[in-house]
Amino acid sequence: MTTWTNWAGNQTSHPVEVATPRRPDEVCAAIQRAGARGIPVKAVGAGHSFTAVAATDGLHLRLDGLTGITHVDRERSRVRVLAGTPLHVLNPALQALGLALPNLGDIDRQTLAGAISTGTHGTGVRFQGIAAAVSGLVLALADGSLLECSADVEPRVFQAARVGLGALGVITEVELQCVPAFRLHAKEFGADLLEVLDRVADDVEQHDHVDMHWFPLTDRVLVKHNDRVGDDHAGAPLPRWRALLDDELLSNRLFEVTNRAAAAVPAIVPRLNGVAARLLGAREYTDDSWRVFVAERKVRFRESEYAVPRAAVGDVLLEVRSWLARHRAPLTFPLEIRFTGADDIWLSTAHQRENAYVAIHQYHRMDDHGAFAAFEAIVAEHAGRPHWGKLHSLGAEELRVLYPRFDDFLEVRHQLDPGRRFANAYLDRVLGA
Ligand SMILES: Cc1cc2nc3c(=O)[nH]c(=O)nc-3n(C[C@H](O)[C@H](O)[C@H](O)COP(=O)(O)OP(=O)(O)OC[C@H]3O[C@@H](n4cnc5c(N)ncnc54)[C@H](O)[C@@H]3O)c2cc1C
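Mapping the sequence shown onto full-length UniProt numbering, position 157 (from 1) lands on 157, and the numbers just tick up by one.
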C-alpha cells in the first residue's frame, strides 16, 4: 500500500495498487485487472485539486507516461494529445506548431485531462474554460473498451465527459480546437476596491482578460488587464531581472517567509497584506499568450472558488468585505476575481451562464477562522456553483438545483459505469452513490 497526497497536502489516500500506463491499451488492461480484483479505479493527474476528487483506495492510474501530441490537423488547427500531458509541456509544443489554447488558468502544472475534468478556467468574458476547447475525446470504460466521442459521435457522452470529474471512465486522448498562436499585452496596476467595482462591468467588456487580486483586510486590489495584440505590436517581455524579482522573489520566496511569520503571529496579517499589495507594483509587458497567462505558485495554500452570475460580483465582494471587517479572519492570500463567458458543457460552472469567479485562499499552515464557510454562505445566496477541484461542502441535492443537466449527467454515468468502478467518496457526495 502506498500513500498519495495532493499538492496542497490536505488530501491523502492509500491506493492498494498504482499503475503507470504508457499507452491507451495499457490503461484498458489496468482497468480490466482492477475489475477482476473488484477494486475501484481513479486516474490522477498532477494532484492539483484541493478536493478529494482524485483520491482512491483502489487502483491509482498515474498518467505521467501517457503524454505527447499524437496528431496535428493543420487545416482545422486541431491536435490530438495524450491525456496525461502536462500543460507546461503542451503550451510550448503548441507554440512550435504556431498554435495555442484560446485561454488558460493561472498555472500550467496540471495535466490536460485533469484540468478539463474539473472545469479549469482562466478569465475573459469572450472566452471559456479549457474544456470548451475540447472537440473530441477517447474514454477507457469500466469494461476496458475505448469509446470515442465528439459533438457528432456519442454527443451525450461528449457533453458529459468534457467536465466529467473522472466519473465516467479514464480519458486516454483529447482532441483540442486550437487557435493561431497569439501574444498578450499585460498591464498590471494597484487600485482601490470600491473604484474597481464601480467600473468593473465596463472593464471586463473592454479588456480581453481581466484578473483581480484583492488583499483581504485592505481595500487594495492588484488589477491585471491582458489584451490580445498583433505581431506589429512593439511591446517586449519583462526583463529577466524584473520577472525574477516579482515572480520568484516577491510572489514566492518572500511570500513564504511572510506567511510563516503570519502563521506565528496572525495579528500582523492586515499590515502584511497592505505591504504586499503595494510591493507588487505597476508593470507592463508583452509576451506569448501562455507565458502571460501562467505563473509559478510555490507557496502552498488551500482554496475555495465559486462561480456566481457576472452581475453579482459587486454584491458578493462587498458582503465578503463586510464579513472580514467584522471577524478579522487573518487571510494571508489575496482573493482572486475572474470572469468567463458561458458554455454548453453539462457540469461546467459556466453552463449557460456568464460568470464571475471569486476564489478565497489560506496559507496551508493556517486556519481559515471560519472564512471559507462564511464565503460559502454568501455565494449560496447568489446561485454560486463551486469549482469541482476546490474546497466546498455541497452535495448532490444542492448541486442538482444549480445544474439544469445534472440528471442527464447521471444518466450517462449510469450507462457507462453502472457498477461504479470510477467512484470515490467525493463523487458519492457530489453525484450521489
Ligand atoms: C496552485 C494552483 C493553481 C490553480 N489554478 C487554477 C486556475 O487558474 N483555474 C482553475 O480553474 N483551477 C485552478 N486550479 C485547480 C486545478 O486546475 C484543478 O483542480 C485541476 O483539476 C488539477 O489538474 P490535475 O492534473 O492536477 O488533476 P487532479 O487534481 O490530479 O485530478 C482532477 C480530476 O481529474 C481526474 N482525472 C485526471 N486524469 C484523468 C483522466 N485521464 N481521465 C479521467 N479523469 C481524469 C481525476 O480523477 C480527478 O477527478 C489550481 C490549483 C492549484 C493547486
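C-beta: ideal position from N, C-alpha, C; glycine also. Computed from a predicted structure; not experimentally measured.
query	result
A380 versus V221 - alpha carbon distance	24 Å
Reduced DSSP category for P102 - H, G, I as helix; E, B as strand; rest coil	coil
Cutoff 8 Å; reference P40; Cβ partners in own chain excluding five residues on either side	A34, T56, D57, G58, L59, R420, R421, F422, A423, N424
Contact test: D106 Cβ vs ligand 1 heavy atom, cutoff 7 Å	yes
Residue span of the beta strand (DSSP E) that contains H361, given as start and end	355-363
Opening and closing residue of the beta strand (DSSP E) in which F339 lies	335-340
Three CB pairs or more closer than 8 Å across the region 42-56 and the region 100-118	yes
C-alpha distance - A142 paired with Y426, whole-angstrom precision	19 Å
Cβ shell of T67 (< 6 Å), same chain only, five flanking positions each side left out	L82, G84, T85
Distance cut-off 7 Å: V153 Cβ against heavy atoms of ligand 1	no
A186 beta carbon less than 8 Å from that of N226	yes
Ordered list of alpha helix (DSSP H) runs contained in the region 252-311, each at least 4 residues	255-264, 269-279, 289-293
Integer Cβ distance of G124 from A54, believed to fall under 8 Å	With 8 Å as the limit, G124 and A54 do not qualify as a contact, their Cβ atoms being about 27 Å apart.
DSSP three-state assignment for P404, whether helix, strand or coil	coil
Those residues which DSSP pairs with A186 across a bridge	N226, Y285
Check whether E175 and G119 have beta carbons under 8 Å apart	no
Other residues of its chain near D247: CB distance less than 7 Å, five sequence neighbours each side excluded	A295, E296
Cβ neighbour criterion (16 or more within 10 Å) applied to S304	buried
Beta-carbon spacing of P309, A383 below 8 Å	yes
Presumed contact (8 Å Cβ cut-off) between L61 and P216, rounded CB distance	That belief does not hold up - the Cβ atoms of L61 and P216 are roughly 38 Å apart, past 8 Å.
Span of the beta strand (DSSP E), counted from its first residue to its last, around E173	170-177
Same chain, Cβ closer than 6 Å to D211, five either side skipped, listed in chain order	T123, K224, R338
Nonlocal neighbours in the same chain, by C-beta distance under 7 Å from F158, ignoring five residues either side	C149, S150, A151
Closest by C-alpha distance to D261, when choosing among L331, A311, L101, A350	Per the sequence shown, the amino acid found at residue 261 is Ala instead of Asp. The shortest Cα separation from A261 among L331, A311, L101, A350 belongs to L331.
Top-ranked residue by Cα proximity to I171, from T349, L63, F189	L63
Three-state secondary structure (DSSP) of P239	coil
Given L347 as reference, the closest of A312, V401, R326, I31 once Cα atoms are compared	V401
L410 vs G169 beta-carbon contact at 8 Å	no
Check whether S322 and R183 have beta carbons under 8 Å apart	no
DSSP three-state assignment for D73, whether helix, strand or coil	strand
Under the three-state DSSP convention, the category H213 falls into	strand
Nearest neighbour of D368, chosen from P239, G389, A329, T349 [CA to CA]	A329
Spatial distance of H209 from N252 (CA atoms)	23 Å
Expected contact under 8 Å - CB spacing of V320 and R156 to nearest Å	About 38 Å separates the two Cβ atoms, so there is no contact after all.
Separation of D25 from N357, as counted between CA atoms	Contrary to the premise, residue 357 reads as Tyr rather than Asn in this sequence. Near 38 Å, if we compare the C-alpha coordinates of D25 and Y357.
Own chain residues within Cβ distance below 8 Å of T5, not counting five before or after	Q11, T12, G47
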